[in-house]
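Note sheet for the following structure.
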Amino acid sequence: MQQATDTNPIRLDKWLWAARFFKTRALASAAIKGGKVEVNGHKPKPATHIRPGDDLAIQRGPFEYRVMVERAIARRGPPEEAATLYTEAPESAARRATQAADLKAAVALYPQVPGRPSKRDRRRIIRFTRGPAS
């Protein structure tokens with residue numbers, strides 16, 4: 007089997023896994039098939055080959071990453087090495103930061119439920135909803 011170098015084309019699902027956007031190749035393939043990844047503005051298949059210079063749009067949860075492929079490596083390395091495989095667009099990083107701040111603020115608005123009610127609390131709830139026992 008030929009080892010991929012920095013300039014050889016590589017499968018998209020392998021690159022997404024190696025760049026640590028997804029934990030497994032299966033998750034990367036599922037995201038590609040689900041339309042969560044675009045290559046140069048087109049919907050690809052998992053076996054689509056990418057090269058350095060390709061633009062990717064990756065949707066992960068509520069966040070969208072806009073990255074440009076810098077290196078094409080199939081081997082999954084440490085996170086520091088994975089960060090060198092791509093460069094993220096500055097507006098993409100800024101958008102993700104504002105989205106994260108908005109999500110944190112939205113979570114702070116909702117009261118935290120402590121869990122299930124105790125026996126005493128349950129009786130109070132029943133008394134409140136049904137009215138006093140007659």
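For the sequence shown, this note's numbering assigns the number 7 to the initial residue and increments by one for each residue that follows. Virtual Cβ for every residue (Gly too), placed ideally from N, Cα, C.
Apart from the five residues just before and just after residue i, which ones in its own chain have a Cβ nearer than 8 Å to its Cβ?
i, result
"Thr-93", "Val-73, Met-74, Glu-76"
Suppose contacts are defined by Cβ-Cβ distances below 9 Å. Is residue i in contact with residue j by that definition?
i, j, result
"Ile-56", "Phe-27", "no"
"Ala-88", "Ala-25", "yes"
"Asp-19", "Pro-52", "yes"
"Ala-80", "Ile-16", "yes"
"Phe-134", "Arg-102", "no"
Which residue's Cα is closest to the Cα of residue i: the options?
i, options, result
"Ala-36", "Asn-46, Gly-47, Trp-23", "Trp-23"
"Arg-66", "Thr-90, Gly-40, Lys-51", "Gly-40"
"Thr-54", "Lys-110, Leu-109, Lys-125, Trp-21", "Trp-21"
Beta-carbon within less than 7 Å of residue i's beta-carbon, same chain only, minus the 5 sequence neighbours each way: which residues are those?
i, result
"Ala-106", "none"
"Pro-50", "Leu-18, Ile-38, Val-43"
"Pro-85", "Arg-26"
Can you have a look at residue i and say buried or exposed, based on whether 16 or more other CB atoms are within 10 angstroms of its CB?
i, result
"Tyr-141", "Given that the chain is displayed from residue 7 to residue 140, the structure contains no residue 141 and the question cannot be resolved."
"Asp-60", "buried"
"Val-45", "buried"
"Pro-120", "exposed"
"Val-43", "buried"
"Leu-91", "buried"
"Leu-62", "buried"
"Ala-78", "buried"
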